[in-house]
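Notes follow the structure.
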Amino acid sequence: MLFWVRFLKKGGLGYYMSAIGWTWSVISGEGGAAKLRYWPIRATGQSQSLATPLSSVADEEMRPSSASQHNAQPRQMTDYPVYHEIASNEGPKMQKINDSITSLLTQVQKRDTRAAEKVVQLSGELAEIYYGVLPRDIFFTFSMNLEQHLWKQAFYKPIEVFKSVVNSPKESSKTFRGLMLVLLNKGIAFYERLIGLYEKELNVDLEKAMLVPSILHEDDFWSVSSFPNSAEQNATKQKVAVKSCSRHLISLGDLKRYKTLVEGSEDYQDARITYMRSALLWPASGHCYNQLAVVAYFSMLYRSRRRARNTPLEILSNRRQVLYHPIPYFFIEHPR
Numbered sequence: 000m001l002f003w004v005r006f007l008k009k010g011g012l013g014y015y016m017s018a019i020g021w022t023w024s025v026i027s028g029e030g031g032a033a034k035l036r037y038w039p040i041r042a043t044g045q046s047q048s049l050a051t052p053l054s055s056v057a058d059e060e061m062r063p064s065s066a067s068q069h070n071a072q073p074r075q076m077t078d079y080p081v082y083h084e085i086a087s088n089e090g091p092k093m094q095k096i097n098d099s100i101t102s103l104l105t106q107v108q109k110r111d112t113r114a115a116e117k118v119v120q121l122s123g124e125l126a127e128i129y130y131g132v133l134p135r136d137i138f139f140t141f142s143m144n145l146e147q148h149l150w151k152q153a154f155y156k157p158i159e160v161f162k163s164v165v166n167s168p169k170e171s172s173k174t175f176r177g178l179m180l181v182l183l184n185k186g187i188a189f190y191e192r193l194i195g196l197y198e199k200e201l202n203v204d205l206e207k208a209m210l211v212p213s214i215l216h217e218d219d220f221w222s223v224s225s226f227p228n229s230a231e232q233n234a235t236k237q238k239v240a241v242k243s244c245s246r247h248l249i250s251l252g253d254l255k256r257y258k259t260l261v262e263g264s265e266d267y268q269d270a271r272i273t274y275m276r277s278a279l280l281w282p283a284s285g286h287c288y289n290q291l292a293v294v295a296y297f298s299m300l301y302r303s304r305r306r307a308r309n310t311p312l313e314i315l316s317n318r319r320q321v322l323y324h325p326i327p328y329f330f331i332e333h334p335r
């Protein structure tokens with residue numbers, strides 16, 4: 000309880016309430032609150048479909064910088080040379096796979112197991128394409144928020160649909176639960192491999208970065224990315240790669256948290272550690288703290304349920320009755 004008091008006193012109320020809203024959507028099966036708020040980034044098209052990073056927002060301007068001296072900074076996606084390379088090669092493949100996943104998910108909602116199996120396969124194929132694209136130009140990846148595009152298109156979108164068919168009393172739910180676990184396990188393995196690629200290709204030492212977090216100012220990012228021959232480019236490139244890894248760790252933590260939910264476990268330690276690693280890499284980002292609040296809320300809920308099982312409601316204080324009484328109803332709608 001002391002944790003929550005300190006958390007709220009430090010201005011974390013927004014994170015905590017956001018975590019409660021999202022958690023409620025998982026328990027009650029309401030999809031409307033499942034869209035989490037993502038923190039401000041340079042690119043404005045972060046919630047677009049697959050075509051967003053490659054074609055449909057080619058004319059979309061990035062958020063203006065507050066410093067007037069950075070007139071040379073890239074203001075459009077097409078200002079990056081790597082954009083044209085990706086749009087010509089990987090772009091059409093990514094668009095085709097994303098469209099196929101979207102179409103198949105409508106069949107999954109109708110409880111088509113073959114469509115679900117195909118979604119798992121296509122999710123892996125789309126992730127592999129991103130695997131080759133992300134480290135190609137880390138400035139482009141970070142400023143266009145490709146990390147979030149990867150997460151939403153290859154994993155988050157299928158997971159949300161799978162959750163809707165898993166939480167059902169029908170016999171086919173076991174099949175979908177198994178397929179969802181396959182998707183989650185493949186996603187976890189993919190992100191661990193992707194982070195290893197960052198360490199190798201971009202010369203990033205995450206363990207050292209966690210011990211001594213380096214703060215990258217916005218002006219440093221734009222000055223170096225605008226002038227590739229700058230002597231500070233390599234150091235700044237590593238800093239941007241560290242921030243990009245922080246975003247990937249959020250996605251990895253989400254996959255581990257979903258897996259804990261599907262397996263009916265009460266141990267969120269793996270997800271919590273992954274979110275904390277993200278926070279150490281990029282302390283100024285608010286997303287990791289939001290996810291830590293989600294995990295803390297789930298842990299508190301499960302702990303309260305265990306106590307409610309062993310404690311008669313009549314002997315509880317009025318305040319605890321308010322907390323414990325609704326818990327059995329929560330878990331009827333969200334079976335283990």
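Residue numbers (numbering that gives the first Met the number 0): 0 to 335. Glycine included, every Cβ here is placed at the ideal spot set by N, Cα and C. The model shown is predicted, which means the values in this text are computed figures rather than measured ones.
Check, Outcome
"Span separating the alpha-carbon of GLU265 from that of THR259", "7 angstroms"
"CB contact flag (ARG176, VAL81, <8 angstroms)", "no"
"Proximal residues to ILE214 (C-beta, below 6 angstroms), its chain only, five neighbours per side dropped", "Because the pLDDT of ILE214 is 47, which lies under 50, any placement of that residue in the model is unreliable, and the number read from its coordinates should be weighed accordingly. The answer is none, since no qualifying residue turns up."
"Three CB pairs or more closer than 8 angstroms across the segment 234–244 and the segment 161–179", "no"
"Chain-order list of residues whose beta-carbon lies under 7 angstroms from that of PRO134 (same chain, five-residue window excluded)", "LEU196, TYR197, GLU200 and LEU201"
"Pair within 8 angstroms by beta-carbon distance, SER284 and SER245", "yes"
"Rounded Cβ spacing between VAL241 and ALA208 (contact assumed at less than 8 angstroms)", "5 angstroms"
"Rounded separation between PHE139 and GLU159 - CA only", "28 angstroms"
"Among LEU248, GLY263, PRO282 and TRP281, nearest to ARG271 - alpha-carbon criterion", "LEU248"
"Segments of 4+ residues assigned as alpha helix (DSSP H) that fall wholly inside the segment 113–181", "137–142, 145–150 and 156–165"
"Contact check, PHE141 vs SER243, beta carbons under 8 angstroms", "yes"
"Limits of the unbroken alpha helix (DSSP H) element including MET275", "268–280"
"Straight-line gap, GLY44 to ASN144 (C-alpha atoms, nearest Å)", "Note that GLY44 scores 37 on pLDDT, short of 50, meaning its location in the model is unreliable and no value can be drawn from it."
"Check whether PRO157 and LEU183 have beta carbons under 8 angstroms apart", "no"
"Coarse secondary structure for GLN108, derived from DSSP in three states", "coil"
"Sequence-distant residues of its chain with Cβ nearer than 6 angstroms to PHE189 (five each side left out)", "ALA126"
"Rounded separation between SER163 and TYR257 - CA only", "13 angstroms"
"Of the residues MET299, LYS95, VAL119 and ASP253, the one placed nearest LYS185, counting alpha carbons only", "VAL119"
"C-beta atoms of ALA114 and LEU103 nearer than 8 angstroms", "yes"
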